[in-house]
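J.:
There are 2 protein chains.
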Amino acid sequence: MPKPANPRFDLQDFLPYLLTQAAEAASQGFQQIYRDRYGMTRTQWRVMANLGKFGAMTARDICEISHIEKTKVSRAVAALERAAMLQRSPSEHDRRAEILSLTENGLAAFADLGERAVDYDLALRRSLRGKDFAELNRVLRAIMSQRLAAMPPEG
Amino acid sequence: MPKPANPRFDLQDFLPYLLTQAAEAASQGFQQIYRDRYGMTRTQWRVMANLGKFGAMTARDICEISHIEKTKVSRAVAALERAAMLQRSPSEHDRRAEILSLTENGLAAFADLGERAVDYDLALRRSLRGKDFAELNRVLRAIMSQRLAAMPPEG
DNA sequence: GAATTATAGTTGCACTCGCAACTAAGTCAA
DNA sequence: TTGACTTAGTTGCGAGTGCAACTATAATTC
């Protein structure tokens, strides 16, 4: 069988691949926590985290802050509501919109998961002792902020 | 509505979140390329990349190298075969296994996408000029190599 | 060498996702 | 104040995924 087809390309150095793998590895352990303890998906966790951190707001606000698709937010909100962790109240200014907020249940879950997230993040970073995290964070943020719409070779 | 629930936790500094967002942003543009040009999914692209880079091997080998679930590999292989980009031949030593390899079609697609991947990666890194990529790669690889099975707070 | 156990790979099912289409409500302009 | 357009949020549908169960072959053990 033919061996090397494209000597220039190496998946192991391909930044999207590296990032995706690193993200999966880093997320896996925490995912187990919110899944096992509360039966939540990642989207639900992220919606909860935003509501917990920033307080009540509309689904649209969550979309803007978190860059999650509105359909994902819609379903996550419905699921959190079914689980009695989130409540809706009508907006006074716009009858299309609903103000979302965490219930006591939801706040308790967020307090719990927030603590665990802090611990988890600390353990993760500690396990990578000696790395330059300030630089890492800067680079990751720079990458996140890109909207790489089929970026041309010339960047 | 209540505002701050957990002052210690900030999603914006949570490493799994940063990595996931960065990975999505970095992958999006290239995903469009293999999707629009060949109708491929990410898993199919990754299977192809491994076969293209390392030559013929079994599905099991691909699983080990790439850490993709065997069912994902199985379906990606089936899809690539349907698209005439991959062929199977029986293993001589083990009648359960099949040796997978790219067809001429598949090799051509890999050559094309490999070139584009190199360009894309270059453009992506160039757009982040001034960052320490050696350090970034080291950190990402360190994170990837972790198997963080619900890691305890003490790391 | 028959029974057990492990392995390569596939399939069924339930679930999440992305996209397009939809409903309902708000906005704007003549 | 009617009509065109925009926006908040939901739903249907096709597709990818994870997990468990399955088939077929290999390896092991008594």
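Protein chains in written order, with the working numbering: chain L, 1 to 155; chain P, 1001 to 1155.
Ideal Cβ placement from N, Cα and C applies to all residues, glycine included.
1. Does the stretch 94 to 103 of chain L come into contact with the stretch 37 to 56 of chain L, if we say contact requires no fewer than three beta-carbon pairs (one atom in each stretch) closer than 8 Å?
2. Counting Cβ pairs closer than 8 Å, one from the stretch 1060 to 1070 of chain P and one from the stretch 1084 to 1094 of chain P, do we hit at least three?
3. L1124(P) and L15(L) look like a contact to me (Cβ under 8 Å); what is the Cβ gap, rounded to whole Å?
4. Alpha carbon to alpha carbon, how far is T1043(P) from R1096(P)?
5. Would you give the residue range spanned by the alpha helix (DSSP H) that E104(L) belongs to?
6. In the stretch 14 to 29 of chain L, which residues sit with their C-beta less than 9 Å from some C-beta in chain P, listed in chain order?
7. Compare the C-beta of K53(L) against all C-beta atoms of chain P and say whether one is closer than 8 Å.
8. Excluding the five sequence neighbours on either side, which residues of its own chain have a C-beta within less than 7 Å of the C-beta of A56(L), listed in chain order?
9. Compute the Euclidean distance between the alpha carbons of A109(L) and D1013(P), then round it to the nearest angstrom.
10. Determine the direct distance from the alpha carbon of L122(L) to that of G1039(P), and round the result to whole angstroms.
11. Tell me, which residues are paired with R88(L) by DSSP?
12. DSSP puts M57(L) in a beta bridge; with which residues?
13. Taking Cβ positions, are T1020(P) and S27(L) nearer each other than 8 Å?
14. DSSP three-state call for M1040(P): helix, strand or coil?
15. Closer than 8 Å, CB to CB, is A1117(P) near chain L or not?
16. Whole angstroms is fine: what's the gap from A117(L)'s alpha carbon to D61(L)'s?
17. Could you tell me the boundaries of the alpha helix (DSSP H) in which E81(L) lies?
18. Measure how close the beta-carbons of A1083(P) and V1073(P) come, nearest whole angstrom, since I'm counting them as under 8 Å.
19. Drop a sphere of 10 angstroms on the beta-carbon of R1037(P), count the other beta-carbons inside from all chains shown, and report buried for 16 or more, exposed for fewer.
20. Of all the options A1022(P), R1008(P), W1045(P), which has the alpha carbon lying nearest to the alpha carbon of A1076(P)?
21. Does the CB of N1050(P) have a neighbour CB from chain L at under 8 Å?
22. Using a Cβ cut-off of 9 Å, which residues of the stretch 1033 to 1048 of chain P contact any Cβ in chain L, in chain order?
23. Helix or strand or just coil, what does DSSP make of F995(P)?
24. What I want to know is whether the C-beta of R88(L) ends up closer than 7 Å to one or more non-hydrogen atoms of the ligand FMN.
25. Residues of chain P with a CB under 7 Å from the CB of D121(L): which are they?
26. Grab me the residues of T1041(P)'s own chain with a C-beta within less than 8 Å of its C-beta, minus the 5 sequence neighbours each way, in chain order.
T.: Short version:
1. yes
2. no
3. 6 Å
4. 23 Å
5. 104 to 126
6. F14, L15, P16, Y17, L18, L19, T20, Q21, A22, A23, E24, A25, A26, S27, Q28, G29
7. yes
8. I99, L100, S101
9. 20 Å
10. 40 Å
11. L100(L)
12. L100(L)
13. yes
14. coil
15. yes
16. 23 Å
17. 70 to 82
18. Going by Cβ atoms, the distance from A1083(P) to V1073(P) rounds to 15 Å, so no, they are not a contact pair.
19. exposed
20. W1045(P)
21. yes
22. I1033, D1036, R1042, R1046
23. The structure shown has nothing for residue 995(P), since chain P only spans 1001 to 1155.
24. By its list of ligands, the structure shown contains no ligand whatsoever, and the ligand FMN lies outside what it can speak to.
25. F1014, L1015
26. R1035, A1076, A1079
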